[in-house]
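Worksheet for the structure shown next.
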Amino acid sequence: MATTTTTVPGAGPVAGSRSFLSRLREGDEIARMITFLFAASVVLVTVLLVFELWQGSALARHKFGFNFFLTSVWDPIFEQFGALPFIYGTLVTAAVSLLIAVPLGIGAAIFLAELAPARVSDTLEFFIDLLAAVPSVIYGVLGIFIVVPLMRQYVQPALKHSFGFLPLFQGPVYGIGFLTAGIVLAIMVIPYIISVSREVLLSVPREQREAALSLGATRWESTWKVVVPFARAGIFGSIFLALARALGETMAVTMVIGNTPKISASLLSPGYSIAAVIANEFTEATGELHTQSLIELGLVLFLLTFILNGLARLLIVATSQRGSGMGHV
Amino acid sequence: MSARLRWRKFVSGFMLTMTGVCALVAVSVLFLILGYLVYHGGASINWNFFTKLPVPVGETGGGMANAIVGSGKLLLLATLFGVPIGFLGAIYLAEFSGGTTAFVVRYAADLLNGVPSIVIGIFAFSLVVHPFKHFSTFAGGFALGLMMIPITLRSTEEFLRAVPRALREAAMALGASKWKTIVTVIVPAAYRGILTAILLAFARVAGETAPLLFTALGNQFWSPGWQQPTASLPVMIYTYALAPYDDWHRQAWAAGLVLLGLILIINIVARAILSRGIAVPRT
Chain A
726 MATTTTTVPG AGPVAGSRSF LSRLREGDEI ARMITFLFAA SVVLVTVLLV FELWQGSALA
786 RHKFGFNFFL TSVWDPIFEQ FGALPFIYGT LVTAAVSLLI AVPLGIGAAI FLAELAPARV
846 SDTLEFFIDL LAAVPSVIYG VLGIFIVVPL MRQYVQPALK HSFGFLPLFQ GPVYGIGFLT
906 AGIVLAIMVI PYIISVSREV LLSVPREQRE AALSLGATRW ESTWKVVVPF ARAGIFGSIF
966 LALARALGET MAVTMVIGNT PKISASLLSP GYSIAAVIAN EFTEATGELH TQSLIELGLV
1026 LFLLTFILNG LARLLIVATS QRGSGMGHV
Chain B
9 MSARLRWRKF VSGFMLTMTG VCALVAVSVL FLILGYLVYH GGASINWNFF TKLPVPVGET
69 GGGMANAIVG SGKLLLLATL FGVPIGFLGA IYLAEFSGGT TAFVVRYAAD LLNGVPSIVI
129 GIFAFSLVVH PFKHFSTFAG GFALGLMMIP ITLRSTEEFL RAVPRALREA AMALGASKWK
189 TIVTVIVPAA YRGILTAILL AFARVAGETA PLLFTALGNQ FWSPGWQQPT ASLPVMIYTY
249 ALAPYDDWHR QAWAAGLVLL GLILIINIVA RAILSRGIAV PRT
């Protein structure tokens, strides 16, 4: 639709070079070229980013190969770099955050899309959008000054007391650690889950609900057994989106995870994440190999979020198209 | 009413109430954050905070004037770098390009949008800091600008596309060339949306910390020109909050309050601009 007019103005039979010249005089071709340069620079920058990450980590990739992901010694002095503790920490904190954020986020999205009157829903969505705008360093500050003391004094002792028989909740109580980082991350990603899931739920055709209700389903049954399954792919999309955020999140995690490269089954113990180790060590990296290993971690992070974001987009687009395609009233 | 029906109605009522509780919990986090920041930050915010330099450890008082100016400079650079690319790129996407090119550009922008901010930091480091051998305001502005591009690009494109076809055709029918139509009709019709997009992108990067850690670095003093490392509010909050001094913690709270206040105000203004006047439907 955007290209309709490039060939139009009354050039007629003599088209070709003359119409190009006239378009040039009118500035259309110039405008087109200038804007193209800017659009192309977006592609250029993105390609350059991938190239720099790939090139910048070449040494580390050749030296360690696949063992980089399987060993857990991180020793800048002897130049031994294994990323397992960081990968473990990133995955564990992300998993904890999703365990908390998914039920809460989807519950809230159901309320906003299905139950709340439009005005209330829009107002709450406005607050959710603001919440999504809060910078991660602020979450970090609240994390270390508010959440960590709470965890140390109340939550973690209580967990140890009631579930201490599980390996998940053993060991000394520090306040910082996997669990705390997961909770802070959960608070950060909930707004994304809510916003996207709400949109997706709102795009479910009205008839679906009416049909379920007319068959005698209760309000909840129509929501849970008809509307939510209809929007399932899009909701999964919102979860992938949140997961990508959680994996790449740096500041808040760095501030509360404890920054200890250790693999521990206990959620109460301190750990480390990929983003946190890059943030902490990149400027102080001494050897070339150290820097390159950190860049390789950046590459890992990039690839993970790239895949997750791609999947998320596919799922969300598929669902909303399905909704609007079938439900056009 | 049979027992089974009563049970189903109870389940329905209970679960729906629970969804309400979820929404309440989610939204109340915002007010908790604001409350804590106002409570802790409000007490330590004063005139000195905005006008004085940080003082050495052990002395009390001082402020973050250099960080406020530093953040301003970084954001100015970011806007100058990110907005033209995002805006003009969006014009190309919405008005000039056809299938494949548009797909590639959009794909690249979405990819860039999803890159974790710490990776953007690495990229800016290897592209700007490493070759010139020093951290600088310029590198920080570049990193932030990079993050503004995809946000500006994608939303501007949406708003341009939402301009009714009839407006374009009317301008064309009057004999206007394509670029004249864009400059005098389409962009003015979509300007509220575009302004909102730019403001939201600005607010988004204003709080970014990770890309600044190894580009703009940090600085306890004023940073003259654009070639020196510079302090910025987010990095200052990070270092001060992690330091073991109570006075620094107070400053971190105050800086957090200032930063969040700024970001929330920009967000609210941006949304207000959009909602007033002719509503531009989001596609």
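Taken in sequence, the protein lines are chains A and B. Residues 726 to 1054 (the working numbering) make up the first sequence, in order. Residues 9 to 291 (the working numbering) make up the second sequence, in order. Just so you know, even glycine gets a beta-carbon here, dropped at the ideal spot from N, CA and C. All values derive from a computational prediction rather than experimental measurement.
Inspect the beta-carbon positions of residue 34 of chain B and residue 833 of chain A and report whether they are closer than 7 Å. Cβ atoms of residue 34 of chain B and residue 833 of chain A: closer than 7 Å.
How far does the alpha helix (DSSP H) with residue 121 of chain B in it reach, from first residue to last? For residue 121 of chain B, the enclosing alpha helix (DSSP H) begins and ends at 107 to 122.
Spatial neighbours of residue 778 of chain A within its chain, please: C-beta separation below 7 Å, excluding the five flanking residues on both sides. The residues are 1020, 1023, 1024, 1027.
Interface residues of chain B around residue 1007 of chain A at Cβ under 8 Å? Simply 129, 130, 133, 221, 222.
Since residue 945 of chain A sits in a beta bridge, which residues does DSSP pair it with? Bridge partners of residue 945 of chain A: none, in fact.
At 4 residues or longer, what runs of the alpha helix (DSSP H) sit wholly inside the stretch 181 to 230 of chain B? Restricted to the stretch 181 to 230 of chain B, the alpha helix (DSSP H) segments that are unbroken, complete and at least 4 residues in length are 186 to 189, 199 to 214, 218 to 221, listed in chain order.
Contacting positions in the stretch 1017 to 1046 of chain A - beta carbon closer than 7 Å to chain B: Within the stretch 1017 to 1046 of chain A, 1020, 1023, 1026, 1027, 1030, 1031, 1034, 1038 place their CB atoms closer than 7 Å to a CB of chain B, listed in sequence order.
Comparing C-alpha positions only, which one of A:816, A:867, A:782 sits nearest to residue 806 of chain A? That would be A:782, whose Cα lies nearest to the Cα of residue 806 of chain A.
Any idea what DSSP makes of residue 806 of chain A, helix, strand or coil? Correct three-state label for residue 806 of chain A: strand.
In or out: residue 810 of chain A buried (at least 16 other Cβ within 10 Å) or exposed? Residue 810 of chain A is buried by the Cβ-count criterion.
Would a check of beta-carbon distances place residue 271 of chain B closer than 7 Å to chain A? Chain A, which has a Cβ nearer than 7 Å to the Cβ of residue 271 of chain B, makes this yes.
Would you check if the distance between the CB atom of residue 864 of chain A and the CB atom of residue 1004 of chain A is smaller than 7 Å? The Cβ-Cβ distance between residue 864 of chain A and residue 1004 of chain A does not fall below 7 Å.
Say whether chain B places a C-beta atom closer than 7 Å to the C-beta of residue 766 of chain A. True, the Cβ-Cβ gap to chain B drops below 7 Å.
Taking Cβ-Cβ distances shorter than 7 Å, what residues in chain A pair up with residue 203 of chain B? Correct list: empty, because the minimum Cβ distance to chain A is about 17 Å.
Contacts around residue 846 of chain A, its chain only, beta-carbon distance under 6 Å, and the 5 residues preceding and following it disregarded: Excluding residues within five positions, the ones whose Cβ falls inside 6 Å are 837.
Residue 234 of chain B by DSSP, collapsed to three states: which one? Three-state DSSP puts residue 234 of chain B in coil, outside helix and strand.
Roughly how many angstroms separate the alpha carbons of residue 952 of chain A and residue 1043 of chain A, rounded to a whole number? Looking at the two C-alpha atoms, the distance is approximately 15 Å.
According to a CB-to-CB cut-off of less than 7 Å, which residues of the stretch 81 to 95 of chain B neighbour chain A? Those residues of the stretch 81 to 95 of chain B that come within reach of chain A (Cβ to Cβ, closer than 7 Å) are 92, 93.
Neighbour list for residue 876 of chain A in chain B, Cβ cutoff strictly below 8 Å: Chain B residues near residue 876 of chain A: none, gap ~16 Å exceeds 8 Å.
Skipping 5 residues on each side, what residues in its chain have a beta carbon closer than 8 Å to that of residue 788 of chain A? Leaving aside the five residues that flank residue 788 of chain A on each side, the residues in its chain whose CB is nearer than 8 Å to its CB run, in chain order, 1014.
What are the start and end residues of the alpha helix (DSSP H) that includes residue 149 of chain B? Run containing residue 149 of chain B: 145 to 169, per the alpha helix (DSSP H) assignment.
Return helix, strand or coil for residue 10 of chain B, following the three-state DSSP convention. Correct three-state label for residue 10 of chain B: coil.
Quick one: what's got a C-beta closer than 6 Å to residue 256 of chain B's C-beta in the same chain, skipping five residues either side? Answer for residue 256 of chain B: 248, listed in chain order.
Using only CA atoms, which one of A:812, A:830, A:897 lies nearest to residue 795 of chain A? It is A:812 whose Cα lies nearest to the Cα of residue 795 of chain A.
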